[in-house]
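Novice:
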Amino acid sequence: MRKPALLALRRRARAGALAGLLGIAFPIAGAAQSAGEIFDEALERYSAQTQHVSAYTVVQQVMGVASETRFERREVNGVMVFVPTDLPGAEADPPNPLVAFPTLAERATLEGTESLDQGSCHRLAVDDLSGLDLGYDRLPGEDIDFEARSASFCLDTDSYMLRRMSVLGDALVQGQRQAVTLLVASDDYRSIEGVLVAFRTSMSIEGLDAFMAEGDAAQAKEALEQMRAELEKMPAAQREMVQSMMSAQLEQLEALAGGDAVAFIMTVTDVRVEKD
Numbered sequence: 001m002r003k004p005a006l007l008a009l010r011r012r013a014r015a016g017a018l019a020g021l022l023g024i025a026f027p028i029a030g031a032a033q034s035a036g037e038i039f040d041e042a043l044e045r046y047s048a049q050t051q052h053v054s055a056y057t058v059v060q061q062v063m064g065v066a067s068e069t070r071f072e073r074r075e076v077n078g079v080m081v082f083v084p085t086d087l088p089g090a091e092a093d094p095p096n097p098l099v100a101f102p103t104l105a106e107r108a109t110l111e112g113t114e115s116l117d118q119g120s121c122h123r124l125a126v127d128d129l130s131g132l133d134l135g136y137d138r139l140p141g142e143d144i145d146f147e148a149r150s151a152s153f154c155l156d157t158d159s160y161m162l163r164r165m166s167v168l169g170d171a172l173v174q175g176q177r178q179a180v181t182l183l184v185a186s187d188d189y190r191s192i193e194g195v196l197v198a199f200r201t202s203m204s205i206e207g208l209d210a211f212m213a214e215g216d217a218a219q220a221k222e223a224l225e226q227m228r229a230e231l232e233k234m235p236a237a238q239r240e241m242v243q244s245m246m247s248a249q250l251e252q253l254e255a256l257a258g259g260d261a262v263a264f265i266m267t268v269t270d271v272r273v274e275k276d
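Numbering (our numbering), first residue to last: 1 to 276.
This is the structure in C-alpha cells:
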C-alpha cells in the first residue's frame with residue numbers, strides 16, 4: 001500500500017530536484033529543419049549558454065515544503081550537464097535527461113508545432129526508448145519502478161526551452177504492471193545572470209489513480225476544506241494575498257481531493273548562479 005500522498009512530501013521534495021535539472025533553458029536558436037537538428041541545436045546552444053557556469057543553487061517549494069539543492073557542472077557521456085550534489089543517493093541516479101539528447105536526435109520525428117498558453121513549441125516524438133536511459137527508472141516522488149517506452153518533447157519555437165515532456169511506460173505497482181504517463185511542464189522562465197530558469201514546473205503521473213489509497217483523497221479533501229474555511233475568515237486583502245502565495249498548494253489539494261492524476265507543483269523562489 002502506498003503511503004498517503006500528503007505524507008510523501010519528503011520524497012516529492014527530493015523529486016523536485018528535477019525542476020533544477022530541467023530548469024536551465026536553451027537560448028534562442030535558428031529554425032531547425034528536422035527533429036534531429038532541433039535536438040542537436042538545443043543541446044549545442046545549452047552548452048554554449050552554460051559554459052561559464054560552474055554551479056547553481058535552486059531554492060523551491062513543493063506543497064509549502066521548501067528545499068534547497070545545489071547543482072554542479074560535470075561531463076556525463078560526453079555531455080556537460082548539472083547534477084545535484086547535496087541529495088542522498090543522487091550520485092547513483094541518472095543525472096539529467098539532456099545526456100540522452102544525442103541519441104534522441106537519431107530516433108526522433110517532428111510531429112509539428114503545438115500552441116501553448118504562452119507561445120508555441122516544436123513537438124518531437126521518440127517511439128522507441130529501448131536501450132536508452134532517460135533517468136526515470138523510478139517515478140518522481142514515488143517509490144515505484146518505471147520502465148519508459150516512448151516519449152514526446154516540446155521545445156519552444158523561439159527560445160528552444162524545454163516546455164513540455166511526456167514519457168509513457170510501465171510501472172510496477174503492488175506487483176502489477178500498469179501503463180502510466182509522466183507529464184512535465186516547465187513555465188515562467190526568467191533570466192538569472194543570463195541563464196534562463198523555469199520558476200514553475202508541474203509534474204503529474206496518469207494511470208496511478210486506480211492504486212491511490214482511498215485515504216489520500218479523503219485526507220486531501222479535509223485539508224482543502226480546512227484551508228478554505230480559514231481563508232473565509234480573513235479580510236479580503238489578506239485572503240487575496242494568501243491565495244496568491246498558496247496557489248500551488250491549493251491546485252495540488254484540489255487535484256488530490258478530486259482523485260485526479262498524482263501531481264505536484266514546484267515553485268522556485270531563489271536561484272544563485274556561480275560562474276567561473
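Just so it is clear, CB atoms sit at the ideal spot from N, CA and C, and this is done for glycine as well.
Should the segment 144-162 be called in touch with the segment 109-129, which here means at least 3 C-beta pairs below 8 Å?
Specialist: Taking 8 Å as the limit for Cβ pairs, the verdict is that the segment 109-129 does touch the segment 144-162.
Novice: Note the first and the last residue of the continuous alpha helix (DSSP H) segment covering residue 278.
Specialist: Absent from the model: residue 278. The displayed extent of the chain is 1 to 276, so no value can be given.
Novice: Within its chain, find whatever has a CB closer than 7 Å to the CB of residue 156; leave out the 5 residues flanking it on each side and keep chain order.
Specialist: Within the sequence shown, residue 156 is the residue found at index 156, counting from 1. These residues qualify, in order along the chain: 119, 121, 163.
Novice: As an exercise, report each continuous beta strand (DSSP E) stretch of at least 3 residues that is fully enclosed by the segment 138-196, in chain order.
Specialist: Those beta strand (DSSP E) runs which fall completely within the segment 138-196 and span 3+ residues are 145-156, 162-173, 176-192.
Novice: Does the contact criterion of 3 or more C-beta pairs under 8 Å hold for the segment 105-119 versus the segment 36-54?
Specialist: Contact holds: three or more Cβ-Cβ distances are below 8 Å.
Novice: Spatial neighbours of residue 80 within its chain, please: C-beta separation below 8 Å, excluding the five flanking residues on both sides.
Specialist: Within the sequence shown, residue 80 is the residue found at index 80, counting from 1. These residues qualify, in order along the chain: 47, 50, 51, 73, 74.
Novice: Quick one: what does DSSP say residue 233 is sitting in, helix, strand or coil?
Specialist: As a position in the sequence shown, residue 233 is number 233, starting the count at 1. The answer is coil: DSSP assigns residue 233 none of H, G, I, E or B.
Novice: Check this for me: beta carbons of residue 275 and residue 83, under 8 Å apart or not?
Specialist: As a working mapping, residue 275 is identified with position 275 in the sequence shown. As a working mapping, residue 83 is identified with position 83 in the sequence shown. No, they are not a contact pair.
Novice: Taking the Cβ atom as the reference point for each residue, do residue 184 and residue 161 lie within a distance shorter than 8 Å?
Specialist: Start at 1 with the first residue of the sequence shown, and residue 184 comes out as number 184. Start at 1 with the first residue of the sequence shown, and residue 161 comes out as number 161. Contact: no.
Novice: DSSP three-state call for residue 60: helix, strand or coil?
Specialist: Position 60 of the sequence shown, counted from the start, is the residue given in the question as residue 60. The answer is strand: DSSP assigns residue 60 an E or B state.
Novice: Quick check: residue 207 and residue 236, are their CB atoms within less than 8 Å of each other?
Specialist: What you label residue 207 is simply residue 207 of the sequence shown in a count that begins at 1. What you label residue 236 is simply residue 236 of the sequence shown in a count that begins at 1. Not closer than 8 Å, so no.
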